[in-house]
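**Student:** Before I ask anything, here is the structure I am working with.
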Amino acid sequence: MTGHRAAPSAPLPGGVGVSRLCVYDTVAPDGEIGGTPHLHLCCAEAYVVVAGAGLVQTLTLDGYRETPLRPGAVVWFDPGTIHRLVNHGNLQIVVLMQNSGLPEAGDAVLTLPPEHLTDPAGYAAATALPGGGAPGTDLAAAHARRDLAVRGFHRLRAAASSGDLAPLREFHSAAVRLVRPFVDTWRERWLRGALGTATGTGRQLDALARGEAPHLADAAVHEFAGPHERGRHGMCGLLDTYPAG
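And the structure:
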């Protein structure tokens, strides 16, 4: 079929990533049901709620907040926002991630207690999953790292709620130290993905300003027929994932 391509040869619009998330339905040490608190260093994240009910707990230097999640809601937050999904029943979300490929390359740090954040090797050992979280592997490790991160999250939240932001600032610094070795690789993904997409728009605008539009001749339809993987063990739940940029 003319103008149709079975597999994308270009990033998703805006260079974003997309996945479908079924939030974990097991109980954490604080009695809440849901996912693993963490932050992203470079990537904003958006939730489009498609089923169920719950909330997202967030912590920034501006304080702690709980935002309800109901079908039809769209919630998004900036890099540096510690976030944790709480499942009140069948919570399902379409997740949009800035900078497709960066989250998969490690742009997330879990809120583990400080002793697990001292070096990349120690952090990796504390957060590793069997088979990298491949579908069908044992979920116990995913729940265990979630529970460890919840304990660290409660420490940060309690301190911030009492007006002491030092532990949160220390966590930010530890997160930077952990990801710094990977920044050059992230930059390559960003150049190919989000920045490349934005730069392409700039070329199109330049052409239109000249009264030209050569890119219109290259128009095509792209698609994913379905997720390339279903049920991957993510930080917040089971993920149906699509190829990243």
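Using UniProt numbering, read the sequence shown as starting at 1 and increasing by one per residue.
From the three backbone atoms N, C-alpha and C, an ideal C-beta is built for every residue, glycine too.
Taking Cβ positions, are H40 and A105 nearer each other than 7 Å?
**Tutor:** Not a contact, by the Cβ cut-off of 7 Å.
**Student:** Taking the alpha-carbon of A225 as reference, which of V75, H116, Y242 has the nearest alpha-carbon?
**Tutor:** Closest by alpha carbon: Y242.
**Student:** Need the endpoints of the alpha helix (DSSP H) that T201 sits in, please.
**Tutor:** Unbroken alpha helix (DSSP H) run through T201: 194-209.
**Student:** So, helix, strand or coil for E223, using DSSP?
**Tutor:** Correct three-state label for E223: coil.
**Student:** Sorted by chain position, which residues of the same chain lie with C-beta nearer than 7 Å to P11's C-beta, five sequence neighbours on each side aside?
**Tutor:** S100, G193, T197, G245.
**Student:** Would you check if the region 81-98 and the region 43-54 touch, i.e. whether three or more CB-CB distances between them fall below 8 Å?
**Tutor:** Yes, the region 43-54 touches the region 81-98.
**Student:** Given 8 Å as the limit, is there contact between the region 49-59 and the region 77-88, that is, 3 or more CB pairs closer than that?
**Tutor:** Contact between the region 49-59 and the region 77-88 is present, because at least three Cβ pairs lie under 8 Å.
**Student:** Quick check on this structure: which residue in G17, D30, V50 has the alpha carbon closest to the alpha carbon of H154?
**Tutor:** Ranking the options by Cα distance to H154, first place goes to D30.
**Student:** Residue range of the beta strand (DSSP E) that L112 falls in?
**Tutor:** Taken as a continuous stretch (DSSP letters only), L112 belongs to no beta strand (DSSP E), as it is neither H nor E.
**Student:** Secondary structure at E184, three-state DSSP: helix, strand or coil?
**Tutor:** Position check: residue 184 holds Asp in this sequence, whereas Glu was assumed. Three-state DSSP puts D184 in a helix.
**Student:** CB-CB under 7 Å to A160, same chain, minus the five flanking residues each way: which ones, in chain order?
**Tutor:** Excluding residues within five positions, the ones whose Cβ falls inside 7 Å are L59, G63, Y64, L168.
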